[in-house]
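Residue 716 in this note's numbering sits at position 339 of the sequence shown; the count goes up by one each step and never skips.
Glycine included, each C-beta is placed from N, C-alpha and C at the ideal position.
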Amino acid sequence: MEHPENNEKYKGLQVNGGVSSQPTVNPYRRPRSSRPRQFTAGEYVEGILKGDMSMLGRAVTLVESTADIHQALAQEVIEKCLPYTGNSKRIGITGVPGAGKSTSIDVFGLHVLKQGGKLAVLAIDPSSERTRGSILGDKTRMEKLSVEQNAFIRPSPSAGSLGGVARKTRETIALCEAAGYDTIFVETVGVGQSETAVHSMVDFFLLIQLAGTGDELQGIKRGIMEMADGIAINKADGDNVSRAELAAAQFRNALHLFPPTPSGWRPEVVTYSGYYELNIDKVWDMIDRYFEYVKQNGYFDKKRNEQAKYWMLETIDEQLRNDFYRRPEIKALLEQKELRVLNNEQSSFTAAHEVLERYFRIIEER
Ligand code: GDP
378 MEHPENNEKY KGLQVNGGVS SQPTVNPYRR PRSSRPRQFT AGEYVEGILK GDMSMLGRAV
438 TLVESTADIH QALAQEVIEK CLPYTGNSKR IGITGVPGAG KSTSIDVFGL HVLKQGGKLA
498 VLAIDPSSER TRGSILGDKT RMEKLSVEQN AFIRPSPSAG SLGGVARKTR ETIALCEAAG
558 YDTIFVETVG VGQSETAVHS MVDFFLLIQL AGTGDELQGI KRGIMEMADG IAINKADGDN
618 VSRAELAAAQ FRNALHLFPP TPSGWRPEVV TYSGYYELNI DKVWDMIDRY FEYVKQNGYF
678 DKKRNEQAKY WMLETIDEQL RNDFYRRPEI KALLEQKELR VLNNEQSSFT AAHEVLERYF
738 RIIEER
């Protein structure tokens, strides 16, 4: 385009046209493939068994992926790792937000490492489904542990149903064990269904509580207390020590009213301070004694076998459900039936029966 400054009046001044895009710095640069190299199952397994943390991380990412191709590879890796699993202490840790889980896991973790252990910290966080990011297991919450060579911290898998998230965490436990981690923490928020899932994959279940205003027992669901093998009352420091002791006495009394646990172990109550690192060894002594007790009376193996069976059934359940709800014919039929049921044109039971009938026919014709 002719520029006004190219006028005779401005002789000696030449204005050139611009360029629409900058030349690349290096015109010979070849674009790099954005796809990372895909490893074979054998390569994953070899890396994991060597304790290669980045390979372990990659394998966990596979486990968490929803893509069919990743799932198939993940299952192959897990199968190959299975002979090397089972050799860890699996410890579930729960407590309401603010109870001090992250602070405590940080110091409990250091305690494990000091004794020469290797620790993996995993999490099940149902709320991460909504926030699309995980809160639990976040590295920044565990400042001390996150810089340790022998600690592997992994946030909660975020996609899918609680059952799906829990299965992924359980599979991750297997991979971590194959990689030589001998202590596994599985953290969860003590407010919902996720405790049951965590309880079904750990050997010891620790409930972190706070001394409050005298009504400690009210904020927490009875079901969670029944699952606990130990209750640790946190923040027993400064002015709070006597209140924590009082709360401990109340919890002990409450626990007496519960039926005996299937292991025969009487759940204990201890007080400690995660922040000031007081009485951490008391918490750990309780956990050590529990493991000794259940290993001696055979409950340890019995519970693990029951858990294995439970997870097989859970997985069948989950896959059946996924298969059912994913089918377009079923989706469409369900919508129709829903309307009919809402309009009182059909009962819930016959509607359900007909949808299931259709599903079974589809399966048979396959
Ligand atoms: P989480 O939500 O259960 O993970 O709890 P956090 O570990 O984030 O702790 C919640 C708050 O309690 C933080 O401000 C901590 O500094 C504080 N806190 C944790 N443990 C202790 C403790 O032993 N004593 C005191 N006084 N404060 C603590």
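What did DSSP end up calling residue i once you bin it into helix, strand or coil?
i           : result
residue 650 : strand
residue 621 : helix
residue 484 : helix
residue 660 : helix
residue 472 : strand
residue 683 : helix
residue 634 : coil
residue 721 : coil
residue 402 : coil
residue 383 : helix
residue 449 : helix
residue 743 : coil
residue 607 : strand
residue 466 : strand
residue 396 : coil
residue 365 : The structure shown does not extend to residue 365, since the chain spans only 378 to 743, so no value can be given for it.
Taking its Cβ as the centre, do 16 or more other Cβ atoms sit within 10 Å of residue i, making it buried, or is it exposed?
i           : result
residue 576 : buried
residue 709 : exposed
residue 672 : exposed
residue 721 : exposed
residue 586 : buried
residue 501 : buried
residue 381 : exposed
residue 706 : exposed
residue 421 : buried
residue 509 : Confidence is the limiting factor: at residue 509 the pLDDT is only 45, short of 50, which leaves the residue's position unreliable, though a coordinate-based value still follows. Classification for residue 509: exposed.
residue 564 : buried
residue 417 : exposed
residue 385 : exposed
residue 616 : exposed
residue 433 : buried
residue 547 : buried
Can you give the Cα-Cα distance for residue i and residue j, rounded to whole angstroms?
i           : j           : result
residue 572 : residue 646 : 19 Å
residue 454 : residue 664 : 31 Å
residue 635 : residue 659 : 23 Å
residue 725 : residue 599 : 33 Å
residue 518 : residue 498 : 12 Å
residue 387 : residue 393 : 14 Å
residue 398 : residue 405 : 17 Å
residue 471 : residue 403 : 54 Å
residue 740 : residue 449 : 22 Å
residue 622 : residue 476 : 16 Å
residue 334 : residue 580 : The question about residue 334 has no answer, for the chain in this structure spans 378 to 743.
residue 700 : residue 552 : 26 Å
residue 692 : residue 541 : 8 Å
residue 591 : residue 562 : Any reading at residue 591 needs caution, since the residue's pLDDT is 47, under 50, leaving its predicted position unreliable; the model's value is listed next. The alpha-carbon atoms of residue 591 and residue 562 are separated by roughly 30 Å.
residue 737 : residue 714 : 17 Å
Is residue i near the ligand ADP, judged by its Cβ being under 7 Å from some heavy atom?
i           : result
residue 614 : The ligand ADP is absent from the structure shown, which contains only the ligand GDP.
Examine chain C for any beta-carbon lying closer than 8 Å to the beta-carbon of residue i, and answer yes or no.
i           : result
residue 394 : As a matter of chain content, chain C is missing from the structure shown, which is built from one protein chain.
Handout entry: Touching by the beta-carbon criterion (3+ pairs, under 8 Å), the segment 680 to 697 and the segment 644 to 659
Key = no
Practice task
Would you mind listing the beta strand (DSSP E) stretches within the segment 521 to 597 that are 3+ residues and don't spill past its ends, in chain order?
Solution key: 528 to 530, 560 to 566 and 581 to 587
Practice task
Spell out a yes or no on whether the segment 516 to 533 and the segment 463 to 474 are touching, meaning 3 or more CB-CB pairs, one atom from each, closer than 8 Å.
Solution key: Taking a cut-off of 8 Å on C-beta distances, the segment 516 to 533 does not touch the segment 463 to 474, as fewer than three cross pairs fall below it.
Exercise for the section: Indicate whether the contact test is met: 3 or more Cβ pairs, each with one atom in the segment 431 to 450 and one in the segment 534 to 546, closer than 8 Å. Expected result: yes
Problem - Given 8 Å, three or more beta-carbon pairs between the segment 420 to 430 and the segment 549 to 557 - result: Three or more Cβ pairs closer than 8 Å define a contact, and the segment 420 to 430 meets that threshold against the segment 549 to 557.
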